[in-house]
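So the structure is just underneath, and the comments pick up after that.
Residue numbers (the numbering used here): -10 to 242.
This is the structure:
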């Protein structure tokens, strides 16, 4: 394999130049982080699971007309995606109170919200990804008012899709976060769902028992993160039951 140029390495993924102009290879690591990387560990198989799950969700969104950066999965840990300009925001959709919302507003965790609530955080690890308003976003030029209308529409469509999908396999979609990218065709700009959708970026609870099947398992030391993610994958049919993720392969540059 020809040596590839690394573009960026984050907490959970590495990005490399793709084989064709306008493409990127996205590699999923086994690293697990929480509390703005204050808690760290390596969880064997996590990258394999997140790669497969993100492929599953992104493919489903593409099929229903919600545009994403996903092109195809290359192997167990890598996928080919469209290069895009990332809007510097984390877009969070909440269906139930949990995490920072419960702490900020004093709402008991698990309380169903009157309607899905969309929040925005400015992407900056050094600042702890602070919560921002649309007034901040417009004032600092991170996104235009038209962009924000489109981002809100995309976020709610993703929520409808994921909520129904999860409900069908006995999982409650508590909340999730996505990132949005800009792609250009000449002077024409289009917004697409980028980064990943996986249990790393969602809160997923078993409907009957309330068991957590997401990264809160790692945050709160509730058991095996791999087992939780495997449970999500098997319920969705992404992995057969009793299957185990492949052992961590060597990264080939």
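Ideal placement from N, C-alpha and C gives every residue a C-beta, glycine not left out.
Since we're looking at a predicted model, the values are computed, not measured.
Would DSSP call residue i helix, strand or coil?
i	result
residue 56	coil
residue 72	coil
residue 219	helix
residue 2	strand
residue 182	strand
residue 174	strand
residue 105	strand
residue 227	coil
Using DSSP bridges, identify the partner residues of residue i.
i	result
residue 164	83 and 192
residue 30	21
residue 12	71
residue 150	DSSP lists no partner for residue 150.
residue 78	111
residue 145	The partner list for residue 145 (beta bridge, DSSP) is empty, contrary to what the question assumes.
residue 61	69
residue 169	182
Could you give the C-beta distance for residue i and residue j, rounded to a whole number, given that I count them as a contact under 8 Å?
i	j	result
residue 188	residue 42	7 Å
residue 160	residue 202	7 Å
residue 182	residue 196	Actually they do not touch by this definition, with Cβ atoms about 25 Å apart.
residue 180	residue 143	6 Å
residue 222	residue 206	In fact, because the Cβ distance is near 14 Å, the residues do not count as touching under 8 Å.
Please report the distance separating the alpha-carbon of residue i from that of residue j.
i	j	result
residue 28	residue 208	8 Å
residue 75	residue 198	37 Å
residue 114	residue -1	10 Å
residue 87	residue 99	6 Å
residue 117	residue 92	16 Å
residue 242	residue 66	With a pLDDT of only 40 at residue 242, under the threshold of 50, the placement of this residue in the model should not be trusted; the figure read from the coordinates follows. Each residue's Cα considered, the two are about 13 Å apart.
residue 132	residue 126	6 Å
residue 138	residue 224	34 Å
residue 150	residue 70	21 Å
residue 108	residue 38	27 Å
residue 25	residue 194	22 Å
residue 129	residue 122	11 Å
Answer yes or no: do residue i and residue j have a C-beta to C-beta separation smaller than 7 Å?
i	j	result
residue 152	residue 162	yes
residue 219	residue 32	no
residue 30	residue 23	no
residue 46	residue 140	no
residue 81	residue 18	no
residue 35	residue 77	no
residue -6	residue 9	no
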